[in-house]
Amino acid sequence: MNIVFMGTPDFAVESLRKLYENGHNIKAVISQPDRKSGRGMNVTPTPVKEYAVSKNLPVYQPERIRKDTELIEKIKSMKPDVIVVVAFGQILPQSILDIPKYGCVNVHGSLLPKYRGAAPIQWAIINGEEVTGVTTMYMDAGMDTGDMIEKYEIPIDYNDTYGTLYEKLKVLGGKAIINTLEKIADAGIGGRKKQPDDFTMAPMIEKEMGEIDWNKTSKEIRNLVRGFNPMPGAYTIINGEKMKVWQAELSEINDENYKPGEIVKADSKDGLLIKTGDGILELTEIQMPNLKRMTAKEYLRGHKINF
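Here the numbering used here is used: the first residue of the sequence shown is 916, the next is one more, and so on.
Take a look at the structure:
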């Protein structure tokens, strides 16, 4: 197939790689503009651009694609059979949606209609889902509202974090787009299924959402920690300092003499235990300001937490 690919982060690279390795004719790759990042604030190419350049694929990086009439006309001239979109990061105008023969096909990191929006992987973990996956769908003008083509499920393991589940779904997305394009090639634009109305939104994650509410249950807090690992990080305030919490475990200990948020224990033998809304949570991996990530017991061997 003649394909125009649109994507930006590492999550999209696997899908582009699979398309390239399976012999599809990639007419162009469109990604977000390069941005400054890191401590040195150096301009860094997007992961999708890096891969595309390594394969000598033409790359375009519009600041706002809906206003880039020259690029839209260029895409039209390429006469793509399909435009594949994976975490591109910009809303496509109808003028682009109407270009390809078989439509614009999106790989989305959830089982639609659950978790439409920018952060489906994180919200699936935060909300305690036990199963997730990827959905391929035909794009329309809405936010992840298009007709579904195929779904691919995987379990969410007890210890999965945003980081580990991201890697699993990235690989699954690559497999899904290849299978979906084979289906489209065989059946044309058939096989579409409208999404039901009982959808769930997955809004963009903001740093302040990571502050732990100790009135919630131990399981809810642990899910928040998992969903914010490795970024942007769940946190709480201890002795006036912002402590990031990278891992936490449910404790079998319970003590009703403490209020939610109060420290139950803080020593190198027993670790750091804090009362929650329904029990006690052990913070097993933490990070204090200007220090590296470490186990709570390691930290408490050299530091004291007053309570």
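Where is the CB? At the ideal position from N, CA and C, for every residue including glycine.
The DSSP-derived three-state label of Lys1180 is strand. Taking 8 Å as the upper bound for CB-CB distance, Ser1166 and Leu1187 are not in contact here, some 10 Å apart. Taking a contact as a CB-CB distance under 8 Å, the pair Gly1192 and Asn1130 counts as one, their CB atoms being some 5 Å apart.
Annotation for Trp1038: the continuous alpha helix (DSSP H) segment containing it runs Pro1035 to Ile1041. The alpha-carbon of Leu1080 is positioned some 9 Å away from that of Ile1040. Of the candidates Ser1183, Gly1155, Pro1175 and Ile1136, the residue whose Cα lies closest to the Cα of Trp1161 is Ile1136.
Met1058 places its beta carbon 8 Å or farther from that of Thr1050.
Looking at Asn917, Pro960 and Lys1219, the one whose alpha-carbon comes closest to that of Asp949 is Pro960. By the neighbour-count criterion, in which 16 or more other beta carbons inside 10 Å mark a residue as buried, Gly922 falls on the buried side.
Rounded to the nearest whole angstrom, the C-alpha separation of Glu1156 and Met956 is 26 Å. Distance from Ala1002 to Ala1117 at the Cβ level is roughly 13 Å; contact not present, criterion being Cβ atoms closer than 8 Å.
Note on the region 1097-1177: whole alpha helix (DSSP H) runs with a minimum of 4 residues are 1133-1142, in chain order. Ranked by Cα distance from Asn971, the first of Ala943, Lys951 and Met993 is Ala943.
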